[in-house]
Structure formats: structure tokens, C-alpha cells
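Each residue of the sequence shown is one higher than the one before, counting from 20 in the working numbering.
Everything below concerns the one structure shown next.
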Amino acid sequence: MKKLRLAERIPVFMRNPRLRLLAIYIILLSLVGAGVAFYYNWVLGVVLLVLLILGSIFISDTFHRVNEETTKYISDLSFRIKRSEQDSLLRMPLGILIYGDEDQVQWVNPYMQGYLSDKDVLGKKLVDVDKDLAKMLADHRDEKGTVPVVWGDRRFTLLVEQDSHVLYLMDITKYAKIEEAYDNSQVVIGQVFLDNYDEVTQSMADSDVSSLSSFVTNQISSWAQEFGMYLKRVDDDHFFVLMYAEVLQKVEADNFKLLDTIREATSKQNFPITLSIGIAYGDQDLNNLADLSQSNLDLALGRGGDQVVVKSPDGQARFYGGKTNPMEKRTRVRARMISQAVTELMSQADQIFVMGHQQSDMDSLGACLGIRRIAQMNNRQCWIVLDQDNLHSDVRRLLTSLEDYPSIKESIITPEAALENANSQSLLIMVDHSKPSLTTAPELYKKLENRVMIIDHHRRGTEFPENPVLVYIEPYASSTCELITEMFEYQSKDSEPINEIEATGMLAGIEIDTKSFTTKTGTRTFDAASYLRSVGADENLIRHFMKENVDSYLQRNHLIESVEFINKNLAVCVGEDDRDYDPVTAAQAADSLLSISGIEASFVITRRSKKQVGISARSAGDVNVQLIMEQMGGGGHLGSAATQIEGQSVSEVKATLTEILEKKNDTENEDDEKE
């Protein structure tokens, strides 16, 4: 051991130039000393010279022995390292495969050979040895780091060194199972709500209510027991659910068939009940999970109910159900409460800004006119924020008619002017939309994002303002104008009432969104229309607004001529990539296609501007076009939806839509086969 330690030290001395120089200096000084001794006393000089010679011989011999030992040590160490490397290649739990230019197997270590059974693999192409392994190599050949892969019933991390043609496989099955077990044991919290329980049961006899409640409870309890969940009823129409992540995967694979079971069974009893479910996962804090589950439930209700929203804190929401149009609420209590809340918030603001979505339509502008009138009834200045570029002919005709109403005309301002005038005491009301990305003035929204009110009739999407002061979203309503019309009943009777042009604009918004009261109408829709007629809405003026010019008529027919079919029941029309189409023209073409027998849904793809391509989607009821458009960044209703896409050509958008529709058909066919 001492020799080894000496050998470890001496080479350092020999390799150090400063120490070598010091040794030379010592020898030179010794020689000088011997010379001086000879000068004064030759005997002393001889003695010193002899000692110097003997010392030099000893040092030389020592250096020689140390050099031999060092050489031997280094040689032995190199041999041991090389042998260890060879043993590692042969024995370590890492699969190694060396392949040639044409992916022929040139060498495998014994560990890799164990996964290939007793096959003779050398010289054969990898695809002939194992197709799965060959595919892994082809798929990840250009990857720079390790990637997780599945091979057979085991899991590995794969690394491909393309330059040296070496493939490495590390078996991580044991650790993957531990991770999977941990993930599967994560807690998931859900909340189940009976959407219209109060409305359905308020006119029922007590015995019928008890029977209905028992039936629904039994169905939900059976569902929970089937999948191993904990279920607790917290109210007549509210349940709490606790489960593990592994159970959630099974429930999602089942597509929440509970929704269909409850809806179909109660409909046969003439007491239709639908469910909304919000489910949260992916957080260790149970309080945060509970809050997120409530938020997801609110999102499901905001989208019209009869659906499930599953979401983690940082993940994208997953939607299930939503196959039916939301039912009309029979009570106006919520409308009264919202109207009172709007009045209170307006009284706290120094000025109010109201704006619709980009490329404003008649419902959007009519709703703005209604909000402005309510603000005036509460003695507040209200500005209508409107971008007057790219407006359709009906909206332009309404704006022209406003020339006879100077006070209204002067209250319409540009987004730039609104941004300049807004302050921390201002209130922003977004009507006919809830997505900040679709709003007329995004910069104004950012400035007043903590002072935002939303009034909308579209199903709520995942993109939503973070801190709205008030949200009034009713997907059952025909239009935003219908919702705002109901608020007039609860405003002060002493203030100046709605005038003729405002009533006409709002009624036009209702008529256009309902296609002249043929779709999405309920009793409250006709009540709102009746009220607007009673305060002076002019049907002749509405007919004037809705007149279609010749170019629009020809463009619509041209689009319809380009119709293509997917699975015979889905119609797709595509406009030219070098020609801009009016959004309303595209929407009218989509509406027209639904009148053709056999078409369940229609999609019209057109270029809206140099940077933007739009899709107008319509459904006869069996196909939920909202879910389809949401996959492409849009939204809307079950029967009417749209999206706008930037940076793509019309043909690229068509290819994406076609892929989604074909995948949808394949999924439905698989479900039918299972049933």
C-alpha cells in the first residue's frame, strides 16, 4: 500500500516542472559547494564530491524504480478499466445494439439478446428481427435525448446515437409501474348537479317529486358503485363525488353514459332531468381541488348543462355530453336579480363602455343599444365601442338610421377613443361574447379586466375573463337582445323609456338569431319580441335592414355549388383562397344547406381577410357543431357555431376540418359497434 501511495505521489513530482527545476538548482548548489570546498580544503572537497555522487546515484535509482512502478500501475489500471468496460457492455442491465447503414444488426450485448429470445440476429435487418424495435429506431432516430417507449409489455428509455449507429435501451418497467401506481392513486373531486330540478319539480305533486328524486338518486348511486366512487348527496339537486385518478380514466372511457341514462329515462316519464358534472384532478391541495371542481361545474352550466367538464389546474378542459340544446328556464327570478345587480354596478361607475364581438352583427349592436338605454335610465353615460370596418350591410343600414338620433350616434366611439377615456372607475360590459380574444377592443378589456361584466347567450368556453364582476350567460336564450329586453321590466318607470330605433335594432337581433322565430325560440323569446313591438319596434324597418344585395345572393349560391359531402350527412363548402367573403354570406350559405334532405350539419369555409379564414357551422340538432368548432379555436351553440383562424390558407383549414369530421365519424361508428 505504501509503494502504491509513493507511486501516486512521485509521478506528480516528476511531471511538475517547478519541482524539477528546484532539483536542478539543488544539484548545482551542491556542485558549487564542492568546488568552494576544494578551493579551501581539498580533503573536504573530495568528501563532499563523493557524497554528491552517491546522492545522485541514489536519486537516479529511486527515480528509476518509481518510474517502473508508475508504469506498471498505469498499465494495470488501464487493463482493469478496459476489462470493466467490456464487462459493462456484456453484463450491465442496459440493452445495446449496433446497427449498420441499412439498419442491419452488427452486434448486440447479452442483455439486449435476452429481449430477442434465441434469435440469430447478426447480419439481419432490424425490421426482420423485430418490427416494433425497427419502428422505434425509425421514429426516434433524430431525437437528441432519451425518450420513453413501450416494447412488448415493458417500458424503456430509448437513446439513439445516430453518428455512431448505436441504440441503447434502459428497462424502467419497475419504476414506471411505481409512477403509474402513484398517479392512479391521486384524489379526484367531482360535483354533480341536476340542471333543471327546481323547474321540473315545482309543478309536481309531492309523491311524484319523491319518486323522481329516488329514481335519479338510485341511478347516480349505481353509477358511483359501478366505478368504485364515494358519493354524498349535499342538497336536493347537488351531489359530491370522490374517486381516484384510475377510476376517472375508466369513467372517461365510458364517456359518462350516466348523462344519457338520466336524460332518456326521465324524458320517458315526461319529467326531463339533465345532469351537469364538474371534475377536478391534479392538485395535492384538496381545497384547491374543491374550488376547481366548482369552477368546472360552473363552466358546464355556462355551456348549457347536460355535460361534463374534466380539468386539471394547468390542463385543457375535456368535455363530454352537450348533445342537447339547453332547456328554457321558466322562472324570471334570475333575470330580475341580474337586472338589479346591473343597476347597482352602473351606479358605482363614473362611465360605462359596452362592446360586442369583432365584426359586429345585429344581435351584438342591438344589445349595445339596449345596455346604453339601461345606463341612461340610471343616469350614467354609456359609450358604444364599435369598429366600423368590415360590417355587414344590415348593421350599416342600422347605423345609417341612427343619423336621425344624434344622441345615440354621438355615443358610438372607436376602440382608440374608448381606451383613451377609460379609467379605473369605468365599467366595461361585454355583450354577445365572452372570449377576450374575440372582443372589439382587446386593449380596452386589458385596461378594465377587473371591471368587466358579461352578458351572453353562447355556451361558455374555456377562454374566459378571470375576474368578472358579473356574469349573465344563458345558453337557452335565443339572443343577447332577448336577455337584455327582459331587464327593462325591472328598471325605473320614471326614466325615459326605450325608443323606436333601439327597440327595432333589438328586435332585429332576435329575428336574425332565430331565423325569423324558426329556431332557438321559447316562450320568453316571444314575450321579449312582444314587448319590443309594444314600445315601437318597426317590422318594415327590420325588413329594410335585412334586405340582401345581389352580390351577396350570388356569392351564397356560388358557395353552395362547391358543396362536398363527408359520410353523406356532413356538407362542406369551400370558397376561393384569393377571394374574401362576408361572414354573414357564409352563415346564410350554411343555413341554406340544412334545408337539403339528409344533411345533418353544414360547414362553410371562406377567407374573411388577408390574414383570416373563417368557418360557419350549422347543425340540424344531431351533430354538436360547437364541440367541433372548439377543437379549431372557436365556439358557439350546439346548432350554430363558428371559428376564425389566422395564418392558414383555406385549403389547410379544410384539411384540418375534414380530419376532425372523419375522426368523429370513426369514433361514432366504434361506439355503435360496441352497443
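Even for Gly, the Cβ is constructed at its ideal location relative to N, Cα and C.
Specify the secondary structure class of residue i as computed by DSSP and reduced to three states.
| i | result |
| --- | --- |
| F212 | strand |
| R349 | Its pLDDT being 49, under 50, R349 is placed unreliably in this model, and the value from its coordinates should be taken loosely. Looking at R349 - three-state DSSP - the assignment turns out to be coil, as it is neither helix nor strand. |
| Y550 | helix |
| H257 | strand |
| Q377 | coil |
| E121 | coil |
| E665 | strand |
| K251 | strand |
| K448 | The question names Lys, yet the displayed sequence has Ile at residue 448. The answer is strand: DSSP assigns I448 an E or B state. |
| D408 | coil |
| I517 | coil |
| G142 | coil |
| T677 | helix |
| M262 | strand |
| L417 | helix |
| T458 | strand |
| D599 | strand |
| R173 | strand |
Going by DSSP, name the residue or residues bridged to residue i.
| i | result |
| --- | --- |
| V593 | I624 |
| A699 | Not covered by the structure: residue 699. The range shown for the chain is 20 to 694. |
| L178 | Y187 |
| Q326 | S295, G340 |
| F234 | Paired residue(s): none; F234 is not in a bridge. |
| Q631 | E665 |
| K682 | In DSSP, K682 forms no bridge with anything. |
| V69 | V69 pairs with nothing; no bridge assigned. |
| Y495 | According to DSSP, Y495 bridges with nothing at all. |
| W402 | F372 |
| G115 | Correcting the residue identity first, residue 115 is Ile in this sequence and not Gly. DSSP output for I115 lists Y187 as bridge partner(s). |
| G654 | A661 |
| W126 | I117 |
| V490 | I473 |
If you compare alpha carbons, which of the options is closest to residue i?
| i | options | result |
| --- | --- | --- |
| V193 | V211, M248, R174, K138 | Correcting the residue type first, residue 193 is Lys in the shown sequence and not Val. The candidate whose alpha carbon is nearest that of K193 is R174. |
| Q395 | G114, P516, R562, H159 | P516 |
| Q132 | I115, G142, D202, K143 | I115 |
| L188 | Y509, P129, D227 | P129 |
| T481 | E649, Y509, N215 | E649 |
| I208 | Q303, L446, N559 | Q303 |
| Q370 | N397, I492, F564, A605 | N397 |
| D161 | V169, T280, D151, L177 | L177 |
| L261 | E681, D158, Q205 | Q205 |
| A608 | D597, Q645, S659 | S659 |
| A527 | I561, S621, N274 | I561 |
| N643 | E198, A620, E665 | A620 |
| Q444 | S366, E493, Q238, P425 | S366 |
| L113 | F372, L467, V185 | V185 |
| E199 | Y263, S226, W242 | Y263 |
| V623 | K534, E583, L646, D597 | E583 |
| V168 | Q181, K144, A195 | A195 |
| L589 | N307, S240, K269, S614 | S614 |
| I292 | A319, I298, C401, S232 | S232 |
Can you round the beta-carbon distance between residue i and residue j to whole angstroms, since I take them to be within the 8 Å contact cut?
| i | j | result |
| --- | --- | --- |
| V124 | V148 | 6 Å |
| A354 | M506 | 7 Å |
| T459 | S379 | 7 Å |
| R575 | T604 | 5 Å |
State the start and end residues of the unbroken beta strand (DSSP E) segment that holds residue i.
| i | result |
| --- | --- |
| V185 | 185–190 |
| A284 | That residue, A284, is in no beta strand (DSSP E); its alpha helix (DSSP H) goes 277–287. |
| E583 | 583–585 |
| P167 | 166–170 |
| I615 | Note, I615: premise wrong, no beta strand (DSSP E); not H, not E. |
| D475 | 471–475 |
Within 8 Å of any Cβ in chain D, is that where the Cβ of residue i sits?
| i | result |
| --- | --- |
| I615 | Here chain D cannot be found, since the structure has a single protein chain. |
For the alpha helix (DSSP H) containing residue i, list its first residue and its last residue.
| i | result |
| --- | --- |
| F483 | Where F483 is concerned, there is no enclosing alpha helix (DSSP H), given that its DSSP letter is neither H nor E. |
| V642 | From DSSP, V642 is part of no alpha helix (DSSP H); its letter is neither H nor E. |
| V569 | 569–580 |
| D369 | Per DSSP, D369 belongs to no alpha helix (DSSP H) and is neither H nor E. |
| D317 | 305–321 |
| K534 | Here K534 belongs to no alpha helix (DSSP H), and DSSP marks it neither H nor E. |
| S426 | 425–429 |
| F290 | Segment: none, F290 is in no alpha helix (DSSP H) and carries neither H nor E. |
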